[in-house]
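Numbering (our numbering), first residue to last: 23 to 136.
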């Protein structure tokens, strides 16, 4: 059974940092590209970041370039999202996903507010 279990979210002040984690199971993680997405209140889910199976290539939505870093540990079947310089508009539920594999997890809530 494919599973994505996101964690690490919370309430953070503007300018703060977080590290989100996504533990996965049920598929060959080390051979699978991974993505992070987010869904803000009242908006559609949007792409945030992508990382290839080896971790050698990453790309990001324009809105997060320079502040977000996607990384992975193939030994732990886990993908990470490091977030710096948080802004109120980063408030959303964050999800990880393998393209074309499994269903969405429960996500982790990130709230940026003073």
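Virtual Cβ for every residue (Gly too), placed ideally from N, Cα, C.
No experiment lies behind these values; they were computed from the predicted model shown.
- Per DSSP, residue 51 lies in no beta strand (DSSP E) and is assigned neither H nor E.
- In this model, residue 119 and residue 107 are separated by some 24 Å (Cα to Cα).
- Under the DSSP assignment, residue 91 falls in the beta strand (DSSP E) whose first and last residues are 90-95.
- By the C-beta criterion, the segment 95-109 is judged to be in contact with the segment 44-55, since at least 3 inter-stretch pairs fall below 8 Å.
- The alpha-carbon of residue 110 is positioned some 31 Å away from that of residue 75.
- A direct Cα-Cα distance of roughly 6 Å separates residue 46 from residue 100.
- Non-local C-beta neighbours of residue 82 in its own chain, meaning closer than 8 Å and more than five positions away in sequence, comprise 70, 71, 72, 90 and 92, ordered along the chain.
- In this structure, residue 134 keeps its C-beta atom at 8 Å or more from the C-beta atom of residue 31.
- Going by beta carbons, residue 116 and residue 60 fall inside the 8 Å limit.
- Assigned with DSSP and collapsed to three states, residue 66 falls in coil, not helix or strand.
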